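**Q**
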Amino acid sequence: MLEPVVFKLKNGNRLLYNFKKRSLLNLNENVYLLCNLFLNEKKTIDEICEHVKAHDISQSDFDYFLFLHDNGFLSSLAINLQSSVSLNSLYTAFYDLRIVVFEITKKCNLHCSYCIYGDLYDVEDEKYKNSYLSFYKAKSILDYIYQWCQKNKVNKRLTLSFYGGEPLLGFDVIRKIVEYTESFSSDTLEFKYDITTNGVLLSKYIDFLIKYDFSLLVSLDGDEYASSYRVNFDGKNYYNEISSVLLKIKKNNPDFFSKNIRFNSIIHQRNSLLKNVAFFKDRFGIIPYFTELTQINVRSTKTSDFYSIYKSLDDEYKNERLLLPALDRRSIRQEYSQLKGFIYNLLNKKHINNYSQLFSGDSLSIVPSSTCLPFSYKIFVSTDGLLYPCEKVGFKFVLGKINDSGEVFINYDSLKDIYDRLYSGVVPECTKCYNIFTCEVCLFSMNGKCKAITKNEFIRKMQNNLEDEDLSNIF
653 MLEPVVFKLK
663 NGNRLLYNFK
673 KRSLLNLNEN
683 VYLLCNLFLN
693 EKKTIDEICE
703 HVKAHDISQS
713 DFDYFLFLHD
723 NGFLSSLAIN
733 LQSSVSLNSL
743 YTAFYDLRIV
753 VFEITKKCNL
763 HCSYCIYGDL
773 YDVEDEKYKN
783 SYLSFYKAKS
793 ILDYIYQWCQ
803 KNKVNKRLTL
813 SFYGGEPLLG
823 FDVIRKIVEY
833 TESFSSDTLE
843 FKYDITTNGV
853 LLSKYIDFLI
863 KYDFSLLVSL
873 DGDEYASSYR
883 VNFDGKNYYN
893 EISSVLLKIK
903 KNNPDFFSKN
913 IRFNSIIHQR
923 NSLLKNVAFF
933 KDRFGIIPYF
943 TELTQINVRS
953 TKTSDFYSIY
963 KSLDDEYKNE
973 RLLLPALDRR
983 SIRQEYSQLK
993 GFIYNLLNKK
1003 HINNYSQLFS
1013 GDSLSIVPSS
1023 TCLPFSYKIF
1033 VSTDGLLYPC
1043 EKVGFKFVLG
1053 KINDSGEVFI
1063 NYDSLKDIYD
1073 RLYSGVVPEC
1083 TKCYNIFTCE
1093 VCLFSMNGKC
1103 KAITKNEFIR
1113 KMQNNLEDED
1123 LSNIF
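Counting from 653, one number per residue, gives the positions in the sequence shown under our numbering.
The structure is reproduced here in structure tokens:
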């Protein structure tokens, strides 16, 4: 059972959050006091009525408290966690598929110190075999999706995302995939394209990328020193070459640059949030996405080396946010998008069509964690034709494969077993977890293990998120 919580913010606001109603209400001082007596001090209604009389609390405040009580805003929510997925939910997950990520190659023309394929991470020894995705296998998965859409009478717009390594090393495969999808004459599938690149080969292929309206995510960690982890195999820093090409694109194709090019900047020990915001604004007129190094699959023998580079994005933001102009704070994609996602999930994952819906429902059946069902949002296709949930969870959880004959093979019974094991392993913790609606945990990245967030921990999380300056005035 998840009890409602009452808490205060530094700006003086007093709030009530109810899991049952998925509502966040601003209370005046007296109503907050009465709710606190009921929820935390476990006073009965009769005892609260005596408190109202003894402390000269207004009838209107007491009436509002009773309204909240009588309509379930002070009631707990019983959670019925699904420890199993149905085969039908797996069969129909393609309805929600939005992104196909093609790992064009694991090879790269840079040798970044923190690369997931480098020495810091525990990646398969065979990572350099079959190092380029074949067009044949890429075509096979696209044909499979197309046939599924036709069979189920579904029209879909897919984003094809090209990933590496450095995907532009396999440009011929990218070109063939794009030309193939552009030849589709049916309305069943429409495509848009994006690519993650280190920028070294941009000058060679920019005309093609502009022609097909690619969205580009360029990996760049800031100025020359900030980018000094990003070197080639001889230790050469390519910052000047990459920066020069990008400025040329900005000058010659300003509309494309402003609409289609974004940057991903990894926070580490040689840069900072504050310096990078100033650098990217000054040089490119853009504030980048900020990310941190993944802590998944770090080699046990390289832990010390890893943490000599690693810097926490959350810590960096907390330390430097007040030094940033307000507009820049709002533009920092990583922090702001997570904040919006927190508020959205906190209040409602489904749309409320009318006010009466706030007054129904004593229990809720949900799937634990925020782990995506396979194929429900994204497919990651590796160079050897194996299918994974996404590019962020490593290479341990195979969802299917494309064989050498071009057949797409998905064992749904096996997938159900994998997900059932993951879910059943965390149900005992999830049942008592106050973070149930705002959970960000992917069980693949946690190896199926997680720890429940207590009521007090959840309140601190609510306070930390809602006390952001950009949200403090909405209550």
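Using N, Cα and C, we set each Cβ at its ideal position, and we do this for glycine too.
Predicted, not measured: the structure shown is a model, and the values here were computed from it.
Between the alpha carbons of K1001 and N1087, how many angstroms are there, rounded?
**A** With a pLDDT of only 46 at K1001, under 50, the local geometry of the prediction cannot be trusted, and the value read off the model is given with reservation. Between K1001 and N1087, the C-alpha separation is close to 14 Å.
**Q** Would you identify the three-state DSSP class for R973, choosing helix, strand or coil?
**A** helix
**Q** Alpha carbons only, please: which of K911, V1050 and Y773 is nearest the one belonging to T955?
**A** Y773
**Q** Starting from the C-beta of G822, find all residues in its chain whose C-beta is less than 6 Å away, skip the five residues before and the five after it, and write them out in chain order.
**A** I756, T757 and Y784
**Q** Measure the beta-carbon distance from I1054 to I793 and round it to whole angstroms, keeping in mind my assumption that it falls under 8 Å.
**A** 6 Å
**Q** Does DSSP classify F885 as helix, strand or coil?
**A** coil
**Q** Considering A930, what are the terminal residues of the alpha helix (DSSP H) in which it resides?
**A** L925 to F936
**Q** Can the beta-carbon of V614 be found closer than 7 Å to that of P1020?
**A** Missing from the structure shown is residue 614; the chain here goes from 653 to 1127 and no further.
**Q** Fully enclosed by the stretch 718-765, which alpha helix (DSSP H) runs are 4 residues long or longer?
**A** 739-743
**Q** Answer with buried or exposed for H920, where buried requires no fewer than 16 other C-beta atoms within 10 angstroms of its C-beta.
**A** buried
**Q** With DSSP as the reference, label V657 as helix, strand or coil.
**A** Note: V657 maps to strand in three-state DSSP.
**Q** I want to check one thing, is the minimum distance from the CB of G770 to the heavy atoms of the ligand GDP below 6 Å?
**A** This structure lacks the ligand GDP, and indeed carries no ligand of any kind.
**Q** Based on DSSP bridge pairs, tell me the residues matched to Y784.
**A** T757
**Q** Below 8 Å on the Cβ atoms is my guess for K662 versus E1119; work out the distance and round it to an integer in Å.
**A** 6 Å
**Q** If I follow the unbroken beta strand (DSSP E) through L1051, where does it start and stop?
**A** It is not in any beta strand (DSSP E) - L1051 carries neither H nor E in the DSSP assignment.
**Q** Mind reading off the beta-carbon distance from V929 to L976? Whole number of angstroms is fine, and I expect it under 8 Å.
**A** 6 Å
**Q** Taking 7 Å as the cut-off, decide whether the C-beta atoms of T840 and Y815 are in contact.
**A** no
**Q** Give a yes or no on contact between the stretch 807-814 and the stretch 740-751, applying the rule of three or more CB pairs nearer than 8 Å.
**A** With the cut-off at 8 Å, the stretch 807-814 and the stretch 740-751 touch.
**Q** Keeping to the same chain, check which residues put their C-beta closer than 7 Å to that of L1067; ignore five residues upstream and five downstream.
**A** L742, P1026 and L1051
**Q** Could you tell me the alpha carbon to alpha carbon distance between D713 and K705, rounded to whole angstroms?
**A** Whole-angstrom Cα-Cα distance: 12 Å.
**Q** How would you call M1114, buried or exposed, if buried means at least 16 neighbouring beta carbons within 10 angstroms?
**A** buried
**Q** DSSP three-state call for K1001: helix, strand or coil?
**A** Because K1001 sits at a pLDDT of 46, beneath the cut-off of 50, its placement in the model cannot be relied upon, and the following sentence gives the value as read from the coordinates. Coil at K1001, not helix or strand.
**Q** Closest by CA to L693, which one among V657, F671 and G887?
**A** Checking the displayed sequence, the identity of residue 693 turns out to be Glu instead of Leu. Taking only the C-alpha atoms, the option nearest E693 is V657.
**Q** Roughly how many angstroms separate the alpha carbons of Y766 and D957, rounded to a whole number?
**A** Computed Cα separation, rounded: 10 Å.
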